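>
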Amino acid sequence: MFADLKYALRALRYSPAFALVTVLTLALGIGATVAIFSVVNAALLRPLPYADPERLVRLYVEAPNVPSLRRFRTATTEYAQLRAALRSWQSLDAWQTGSMNFSGGGEPTRTTVTRLTGGLLAALGARAELGRIVGPPDDQPGAPAVAVLSHRLWQTAFGGDRSVLGRDVVLNGETRTVIGVMPEGFAFPPGEADVTDVWAPLQIDPSLPVNDHSVFLLGRLAPGVALSTARAELETFVAQRGAAGVGHSWDPEGHALVAYTLTEEVSSAVRPALRVLFGAVFFLLLIACVTVANLLLSRAEARRREIATRSALGAALPRLAAQFTIEGMVLSLLGTAAGVLVASASLRLIAAAGAVGIPQALDARMDGPVLLFAAATSVVTGLLFALAPLRHVASRNLNGAIRSAAAATTHARGPQRLRQALIVAQLALALVLLTGTGLMLRTFWNLQRVDGGFDADGVVTMSVALRETGYAGEGARAFWTRVHERLASLPGVESATLASALPPVTDGYGWSTPVPGYDPARGGGIRLGAGNFPVIDYYQLVDTHYLDTFKIALIAGRFFDARDDASGEKTAIVNETTARAIWGNESPLGRQIIATIDPTPHTIVGVVADVKNNGVDKPTGTAVYLPHAQAPAGTGLLRAPFIAVRSTSEPEAVMASVRRAIREADPNLPIAQVRTLDAVVAASQSRPRFLALVLTLFAVVSLALAAVGVYGVIAYSVAQRTKEFGIRMALGAQPGAVRNLELARGLALTAGGLLLGVSGSYALTRFLSGFLFGVPANDVFTFAAVAALLALVAAGASYVAARRATKVDPLVALRAE
11 MFADLKYALR
21 ALRYSPAFAL
31 VTVLTLALGI
41 GATVAIFSVV
51 NAALLRPLPY
61 ADPERLVRLY
71 VEAPNVPSLR
81 RFRTATTEYA
91 QLRAALRSWQ
101 SLDAWQTGSM
111 NFSGGGEPTR
121 TTVTRLTGGL
131 LAALGARAEL
141 GRIVGPPDDQ
151 PGAPAVAVLS
161 HRLWQTAFGG
171 DRSVLGRDVV
181 LNGETRTVIG
191 VMPEGFAFPP
201 GEADVTDVWA
211 PLQIDPSLPV
221 NDHSVFLLGR
231 LAPGVALSTA
241 RAELETFVAQ
251 RGAAGVGHSW
261 DPEGHALVAY
271 TLTEEVSSAV
281 RPALRVLFGA
291 VFFLLLIACV
301 TVANLLLSRA
311 EARRREIATR
321 SALGAALPRL
331 AAQFTIEGMV
341 LSLLGTAAGV
351 LVASASLRLI
361 AAAGAVGIPQ
371 ALDARMDGPV
381 LLFAAATSVV
391 TGLLFALAPL
401 RHVASRNLNG
411 AIRSAAAATT
421 HARGPQRLRQ
431 ALIVAQLALA
441 LVLLTGTGLM
451 LRTFWNLQRV
461 DGGFDADGVV
471 TMSVALRETG
481 YAGEGARAFW
491 TRVHERLASL
501 PGVESATLAS
511 ALPPVTDGYG
521 WSTPVPGYDP
531 ARGGGIRLGA
541 GNFPVIDYYQ
551 LVDTHYLDTF
561 KIALIAGRFF
571 DARDDASGEK
581 TAIVNETTAR
591 AIWGNESPLG
601 RQIIATIDPT
611 PHTIVGVVAD
621 VKNNGVDKPT
631 GTAVYLPHAQ
641 APAGTGLLRA
651 PFIAVRSTSE
661 PEAVMASVRR
671 AIREADPNLP
681 IAQVRTLDAV
691 VAASQSRPRF
701 LALVLTLFAV
711 VSLALAAVGV
721 YGVIAYSVAQ
731 RTKEFGIRMA
741 LGAQPGAVRN
751 LELARGLALT
761 AGGLLLGVSG
771 SYALTRFLSG
781 FLFGVPANDV
791 FTFAAVAALL
801 ALVAAGASYV
811 AARRATKVDP
821 LVALRAE
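Per the working numbering, residue 11 is the first one in the sequence shown, and the count goes up by one each step.
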């Protein structure tokens with residue numbers, strides 16, 4: 011083996027161009043494959059870092075006939091009923107996650123806090139790095155207020171000070187004592203874009219029935235209990251309670267219970283996108299393997315005489331197989347080593363290029379399973395083509411091999427046909443990958459051109475949440491009035507507003523809203539909820555400058571003004587979708603609705619243009635706008651609005667000025683999510699942008715490999731037919747005719763690859779349909795454009811290779827043999 015290894019390295023040293031192209035081709039194919047496998051491993055294959063994660067199950071309330079109530083939160087009353095009645099579960103715990111103001115370790119910040127019942131962290135098998143975790147005594151009503159910090163918050167806010175235990179921190183104005191610090195890397199809930207930094211007890215009083223639908227549930231199956239058994243118990247529970255009229259409106263059709271494993275929940279959102287990426291990178295790896303196959307077959311043909319002669323002199327087939335296996339493995343290992351470097355760089359690029367659309371991608375790393383996958387890929391690709399040179403020996407036609415290699419005037423048809431078939435397959439694979447990339451690029455382009463109903467240019471946004479203590483009642487409204495006056499006076503500010511949400515993505519409510527005089531036959535088919543009242547998807551609190559700041563069109567009536575203060579008549583504004591869905595062609599002006607957050611009837615005074623509120627790729631939902639000045643003082647929306655400022659100044663300068671204005675009003679308030687509205691819109695498109703970017707990189711590599719493959723086949727054909735071309739030109743053939751002869755061969759291969767690729771693309775692009783927007787999966791324009799691009803690249807490679815035939819000197823060619 012050592013002798014074979016030295017021979018292989020010496021052979022590569024004497025063929026540096028061949029070695030370089032082969033290694034780079036393998037590095038690109040294997041590197042991209044390993045990088046995407048790292049993401050797939052992190053998101054889908056790697057077990058969750060909890061004890062026995064396969065027994066952890068999430069429970070939801072679900073209304074099967076209401077799309078917005080799929081996998082919905084559970085009421086605390088329902089949680090108490092379930093915990094007392096179910097027997098298939100070893101434990102059942104609840105949690106809530108949200109943003110809170112945090113202070114106690116330097117400058118106040120806005121952080122993500124998860125409040126959970128005392129058994130949840132223990133059910134995960136979690137242990138604290140310092141101190142202890144939240145336990146059952148902590149979630150009892152009246153128990154001391156405590157908190158557990160994440161490792162990240164411990165380092166950033168307290169500098170890793172181990173004396174943090176026993177110190178007081180403040181969450182939304184409530185003082186809590188730090189009892190523990192979790193280990194680095196611990197996360198719950200898993201897979202969330204906003205990572206939790208504080209865990210605190212969720213104290214539920216079972217004696218107080220609260221139908222708030224505010225908690226998520228996590229159960230651990232009892233030993234020996236299958237998920238199917240637990241699901242059957244949930245169905246029985248709902249059916250029995252519903253039939254007896256016990257509890258909180260249990261109903262198999264409208265108020266059911268569903269259960270999914272925690273692993274399935276974490277991966278379900280990203281699984282389709284990762285399947286697309288893994289399919290794309292599989293095509294890229296196949297293209298790389300086909301390219302290497304052609305290179306090795308061409309090299310094998312050049313070595314036919316050598317191999318046949320060695321066999322004729324006594325070299326046994328197993329001995330030659332061992333040598334060529336070593337040669338193939340050396341090439342493959344070199345390509346894999348370079349591919350691991352490519353994969354490592356790719357993972358950094360993935361993290362920086364919008365992987366927020368796939369949160370688990372940020373956890374991807376080159377760990378043991380990934381490196382094992384790289385090694386397996388290396389062995390398979392090395393063995394697959396290493397033995398190609400031995401087929402002449404295996405056929406035992408040694409005399410024919412020596413004679414044909416010694417004095418061939420034309421190229422051998424058998425080997426050439428195999429290489430041509432590989433090139434057709436390579437072009438077909440490249441076309442499939444290019445077509446998918448073209449569809450995603452058109453999707454992303456279409457998303458950029460969607461009219462969201464607002465103008466994001468020049469708008470800076472941020473989130474500021476008031477603590478409950480100190481801003482009770484009208485204190486919050488008075489504070490925002492002072493802040494707005496300061497913002498409006500800043501240099502360059504055209505308009506400033508407060509809003510409970512920002513477009514194009516808004517938290518949905520799906521609240522049934524009584525509408526006096528509502529006639530279903532008159533409207534446009536709005537979904538009905540409890541009491542057969544129309545369901546309003548989105549409620550927003552806004553101030554009088556909302557339209558000016560976001561440049562939203564007023565369709566009818568008026569917008570909020572000074573008349574809509576706390577002492578004025580309660581008013582509301584609806585979007586066009588709501589107006590059509592409830593009142594059809596009739597005007598909604600002067601009609602009334604009873605908003606869920608305020609039972610007083612609100613008179614509709616205006617209709618505004620639709621603003622995207624469910625993402626730019628989704629239809630606009632029904633929306634009702636309520637004046638900020640008339641919101642009930644106790645509503646949480648009043649204390650945690652977004653601030654939006656339209657200005658002609660540079661965004662960085664505006665952000666600094668707004669920060670100073672808020673600090674002057676209250677220096678202890680944390681300011682979070684400071685960004686431009688353009689960035690908010692871009693974040694809502696992170697997943698299609700990420701897919702488009704990665705697929706584009708794959709497509710560029712596949713184009714390059716396809717060009718190398720076509721060039722290699724034509725160039726090898728020219729090299730093998732040097733004597734033939736010399737004879738042709740000696741007999742009077744013009745150089746252009748000789749060039750066109752080989753160019754026609756390349757174009758024929760390209761046509762075959764395109765025909766096969768279009769068929770494959772037509773069959774496979776339907777799997778992309780769930781990611782596309784504004785373009786069909788079998789879009790003719792995209793198919794034609796990518797086919798033309800691939801044909802142009804292949805034709806260029808064919809032309810460059812074919813020109814070598816015109817450089818043949820007839821006299822030199824005839825003397826060569």
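No residue lacks a Cβ here, since even glycine has one placed at the ideal position from N, Cα and C.
Model, not experiment: these values are computed from the prediction.
So what does DSSP say about phenylalanine 454, is it helix, strand or coil?
Sequence index remark: in the sequence shown, residue 454 carries index 444 (1-based). Note: phenylalanine 454 maps to helix in three-state DSSP.
> Is the distance from the Cβ of glycine 567 to the Cβ of leucine 599 below 8 Å?
On the sequence shown, position 557 is the one that residue 567 refers to. On the sequence shown, position 589 is the one that residue 599 refers to. Closer than 8 Å, so yes.
> Helix, strand or coil for aspartate 149 per DSSP?
Position 139 of the sequence shown holds residue 149. Aspartate 149: helix per DSSP, three-state reduction.
> By alpha-carbon positions, which one of Phe196, Glu194, Val174 ends up nearest to arginine 186?
Position 176 of the sequence shown, counting from 1, holds the residue named residue 186. For arginine 186, the nearest C-alpha among the options comes from Val174.
> Enumerate in chain order the residues of its own chain whose CB-to-CB distance from leucine 30 is below 6 Å, with the five nearest sequence positions on each side excluded.
As a working note, residue 30 is residue 20 in the sequence shown. Counting only Cβ-Cβ distances below 6 Å, and skipping sequence neighbours, we find nothing.
> Please determine, among Leu212, Ala682, Tyr721, Trp105, the residue with the shortest C-alpha to C-alpha distance to threonine 121.
On the sequence shown, residue 121 is found 111 positions in, with the first residue counted as 1. Selected option, being the one with the closest Cα: Ala682.
> Could you spell out the range, first to last residue, of the beta strand (DSSP E) harbouring glycine 190?
As a position in the sequence shown, residue 190 is number 180, starting the count at 1. Run containing glycine 190: 184 to 191, per the beta strand (DSSP E) assignment.
> Name the two residues that bound the continuous alpha helix (DSSP H) containing glutamate 139.
As a first step, residue 139 must be located in the sequence shown, where it is residue number 129. Segment: none, glutamate 139 is in no alpha helix (DSSP H) and carries neither H nor E.
> DSSP puts histidine 555 in a beta bridge; with which residues?
As a working mapping, residue 555 is identified with position 545 in the sequence shown. According to DSSP, which records beta bridges pairwise, histidine 555 is partnered with nothing at all.
> Find the nearest neighbour of alanine 798 within the set Ala812, Leu757, Leu381, judged by alpha-carbon distance.
Your numbering for residue 798 matches position 788 in the sequence shown. The residue with the shortest Cα to Cα distance from alanine 798 is Leu757.
> Enumerate, from N- to C-terminal direction, the unbroken alpha helix (DSSP H) stretches of 4 or more residues contained entirely within the region 472 to 518.
Segments of the alpha helix (DSSP H) lying fully in the region 472 to 518: 485 to 498.
> If the criterion is Cβ atoms closer than 8 Å, does the pair threonine 124 and phenylalanine 198 meet it?
As a position in the sequence shown, residue 124 is number 114, starting the count at 1. As a position in the sequence shown, residue 198 is number 188, starting the count at 1. Yes, the Cβ-Cβ distance between threonine 124 and phenylalanine 198 is below 8 Å.
> Do aspartate 688 and proline 642 come within 8 Å of each other at the CB atom, strictly closer than that value?
Taking the first residue of the sequence shown as 1, we reach residue 642 at position 632. Taking the first residue of the sequence shown as 1, we reach residue 688 at position 678. Result no, Cβ atoms of proline 642 and aspartate 688 do not sit closer than 8 Å.
> Could you tell me the boundaries of the alpha helix (DSSP H) in which isoleucine 737 lies?
Counting from 1 along the sequence shown, the entry for residue 737 is found at position 727. Its alpha helix (DSSP H) spans residues 732 to 740.
> Okay, do the region 696 to 705 and the region 440 to 453 touch, 3+ Cβ pairs below 8 Å being the bar?
Segments in contact, yes.
> If I measure Cβ to Cβ from leucine 248 and keep anything under 6 Å in the same chain, skipping five residues before and after, which residues do I get?
Reading the sequence shown from its first residue, position 238 is the one you call residue 248. Contrary to the premise, residue 248 reads as valine rather than leucine in this sequence. If we look at valine 248 and ignore the five residues flanking it on each side, its Cβ neighbours are Trp260, Pro262, Ala266, Leu267.
> Could you give the DSSP three-state label for proline 544: helix, strand or coil?
Against the sequence shown, residue 544 aligns to sequence position 534. It is a strand residue.
> For serine 659, I'd like the list of residues in its chain whose CB is within less than 6 Å of its CB, leaving aside the five on either flank, ordered along the chain.
The residue given as residue 659 occupies position 649 in the sequence shown. Cβ within range, chain order: Gly502.
> Do alanine 591 and glycine 534 have their beta-carbon atoms positioned less than 8 Å apart in this structure?
By one-based count along the sequence shown, residue 534 stands at place 524. By one-based count along the sequence shown, residue 591 stands at place 581. Contact: yes.
> How many whole angstroms separate the CB atoms of glycine 631 and arginine 532, which I take to be in contact at a CB cut-off of 8 Å?
Here residue 631 corresponds to residue number 621 of the sequence shown, with the count starting at 1. Here residue 532 corresponds to residue number 522 of the sequence shown, with the count starting at 1. Not confirmed; about 20 Å, so no contact.
> Between the beta-carbon of leucine 497 and the beta-carbon of alanine 650, is there less than 8 Å?
Here residue 497 is taken as the residue at index 487 of the sequence shown, counted from 1. Here residue 650 is taken as the residue at index 640 of the sequence shown, counted from 1. In this structure, alanine 650 does not lie closer than 8 Å to leucine 497 by Cβ.
> Going by Cα to Cα distance, which pick from Ala132, Ile546, Ser473 is closest to leucine 512?
Here residue 512 refers to the residue found at position 502 when the sequence shown is read from its first residue. Closest by alpha carbon: Ser473.
> First and last residue of the beta strand (DSSP E) that includes tyrosine 270?
Stepping through the sequence shown from its first residue, residue 270 is reached at position 260. From DSSP, the beta strand (DSSP E) with tyrosine 270 extends over 266 to 271.
> Looking at leucine 444 and serine 712, is the spacing between their C-beta atoms short of 8 Å?
As a first step, residue 712 is located in the sequence shown; it is residue number 702 there, counting from the start. As a first step, residue 444 is located in the sequence shown; it is residue number 434 there, counting from the start. Taking 8 Å as the Cβ cut-off, serine 712 and leucine 444 qualify as a contacting pair.
> By a C-beta neighbour count over all protein chains shown, 10 Å radius and 16 as the cutoff for buried, is proline 193 buried or exposed?
Here residue 193 corresponds to residue number 183 of the sequence shown, with the count starting at 1. By the 10 Å Cβ count, proline 193 comes out exposed.
> The alpha helix (DSSP H) with alanine 175 in it runs from where to where?
Counting from one through the sequence shown, the residue named residue 175 turns up at place 165. Contrary to the premise, residue 175 reads as leucine rather than alanine in this sequence. Segment: none, leucine 175 is in no alpha helix (DSSP H) and carries neither H nor E.
> Going by beta-carbon coordinates alone, are phenylalanine 569 and leucine 557 separated by less than 8 Å?
Within the sequence shown, numbered from 1, the residue matching residue 569 stands at position 559. Within the sequence shown, numbered from 1, the residue matching residue 557 stands at position 547. Contact: yes.
> Does DSSP put methionine 339 in a helix, in a strand, or in coil?
Taking the first residue of the sequence shown as position 1, residue 339 is located at position 329. Methionine 339 falls in the helix class under three-state DSSP.
> Does the region 341 to 357 come within contact of the region 23 to 37, defined as at least 3 CB pairs closer than 8 Å?
At 8 Å Cβ cutoff, the stretches touch.
> Return yes when the Cβ of leucine 648 is within less than 8 Å of the Cβ of alanine 605, no when it is not.
By 1-based counting over the sequence shown, the position of residue 605 is 595. By 1-based counting over the sequence shown, the position of residue 648 is 638. Going by C-beta atoms, alanine 605 is not nearer than 8 Å to leucine 648.
> Can you list, in chain order, the residues of its chain whose CB lies under 7 Å from that of aspartate 204, leaving out five sequence neighbours each side?
Indexing the sequence shown from 1 puts residue 204 at position 194. Here the set comprises Thr122.
> Using only the alpha-carbon positions, how far apart do alanine 619 and isoleucine 565 sit?
Here residue 619 refers to the residue found at position 609 of the sequence shown. Here residue 565 refers to the residue found at position 555 of the sequence shown. Straight-line Cα distance between these residues: approximately 6 Å.
> Short of 6 Å in beta carbon distance, which residues of its chain neighbour proline 526, apart from the five on each side in sequence? Order them along the chain.
By one-based count along the sequence shown, residue 526 stands at place 516. So the qualifying residues of the chain are Gln602.
> For arginine 81 and threonine 271, I'd like the C-alpha separation in whole angstroms.
Counted from its first residue, the sequence shown places residue 81 at position 71. Counted from its first residue, the sequence shown places residue 271 at position 261. If you take the alpha carbons of arginine 81 and threonine 271, they lie about 13 Å apart.
> Please say whether leucine 441 and serine 771 have beta carbons closer to each other than 8 Å?
Taking the sequence shown and counting its residues from 1, one reaches residue 771 at position 761. Taking the sequence shown and counting its residues from 1, one reaches residue 441 at position 431. Closer than 8 Å, so yes.
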